[in-house]
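Everything on this sheet refers to the single structure shown next.
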Amino acid sequence: MKRPGFYEGVLVAVVASVTGTVLYGVMTMFFSVAFSARAMVTMICTAYLLYLLWHSPKKSGRITAVFVWFMSLFGVWLLDPPFVVYLMLLVGVLWLIRSLAFYRSITSALVDLGLSGFGLLAGLWAFLTSGSLLLGLWTLFLVQALFALIPLQWSRSIQSNLAGRDDSFMHAHRNAEAALRKLSLS
């Protein structure tokens with residue numbers, strides 16, 4: 042499959058935020074607010090994970106990724122941490138699986154980790170300042186859509202070219218200084 046683009050990520054953000062808000066509203070009619078929030082986040086994150094795996098260029102490891110995801114969910118539900126820690130753990134596991142599924146360099150994965158953390162903070166900020174679950178989910182997944190702009194691998198050739206340019210520049214600079222010394226002594 043083709044790697045998702047930014048606009049596709051924006052569409053996913055719209056679908057996830059609307060679906061999550063409706064799902065939460067319906068679930069609170071039958072369950073407690075705390076259970077409804079955790080269940081809604083679990084379902085939305087699971088759907089997002091399946092979306093990522095569907096678009097992953099790597100064909101191997103999908104079953105393992107789903108197994109790791111469900112074992113992580115089991116562990117998090119068993120530990121029952123505070124809700125913010127719960128969100129951090131789920132976003133962390135999503136980041137890990139997305140990094141393994143899409144990137145070929147540690148630098149790209151670390152940039153994605155920063156993006157995931159920023160998305161979580163932005164989503165929490167949007168929710169806490171507006172009181173709108175829709176806006177909080179929208180912000181979280183909109184920032185996550187930016188992962189499409191992270192290169193699969195940071196080019197080492199650019200870094201080596203810059204280092205080579207510095208070396209060749211320094212070599213030319215030393216030659217010029219030597220020529221100036223010879224001219225000044227003559």
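Residue 227, in the working numbering, is where the sequence shown stops; the numbers in between run on with no holes.
We put the beta carbon where it would ideally sit given N, CA and C, even for glycine.
Put simply, of 143, 81, 129, 138 the residue whose alpha carbon is nearest the alpha carbon of residue 97 is 143. In the DSSP assignment, residue 185 falls within the alpha helix (DSSP H) that extends over 174-185. The three-state secondary structure of residue 208, taken from DSSP, is helix. Just measuring C-alpha positions, the residue of 194, 186, 145, 89 sitting nearest residue 46 is 186. In this structure, residue 69 keeps its C-beta atom at 8 Å or more from the C-beta atom of residue 114. Residue state for residue 223 is assigned as helix, using DSSP reduced to three classes. When the Cα atoms are used, residue 52 and residue 95 turn out to be separated by approximately 16 Å. Boundaries of the alpha helix (DSSP H) harbouring residue 147: 147-171, taken from the DSSP string.
When the five nearest sequence neighbours on each side are left out, the beta carbons in the same chain lying within less than 7 Å of the beta carbon of residue 86 are those of 131, 135, in order along the chain. Counting only the Cα atoms, residue 182 lies some 24 Å from residue 100. DSSP places residue 90 in the uninterrupted alpha helix (DSSP H) bounded by 74-96. Following the DSSP letters along the chain, one finds residue 106 inside the alpha helix (DSSP H) bounded by residues 103-120. For residue 88, there are no CB contacts under 6 Å within the same chain when 5 residues up- and downstream are skipped. Just so you know, the alpha carbons of residue 167 and residue 173 end up roughly 8 Å apart.
Contact check for residue 124 and residue 78: beta-carbon distance about 6 Å, within the 8 Å limit, so the pair qualifies. Annotation for residue 195: no alpha helix (DSSP H) segment contains it, and DSSP assigns it neither H nor E.
Between residue 210 and residue 149, the alpha-carbon positions lie close to 30 Å from each other.
Taking residue 102 as reference, the option from 121, 138, 111, 127 with the minimal CA-CA separation is 138.
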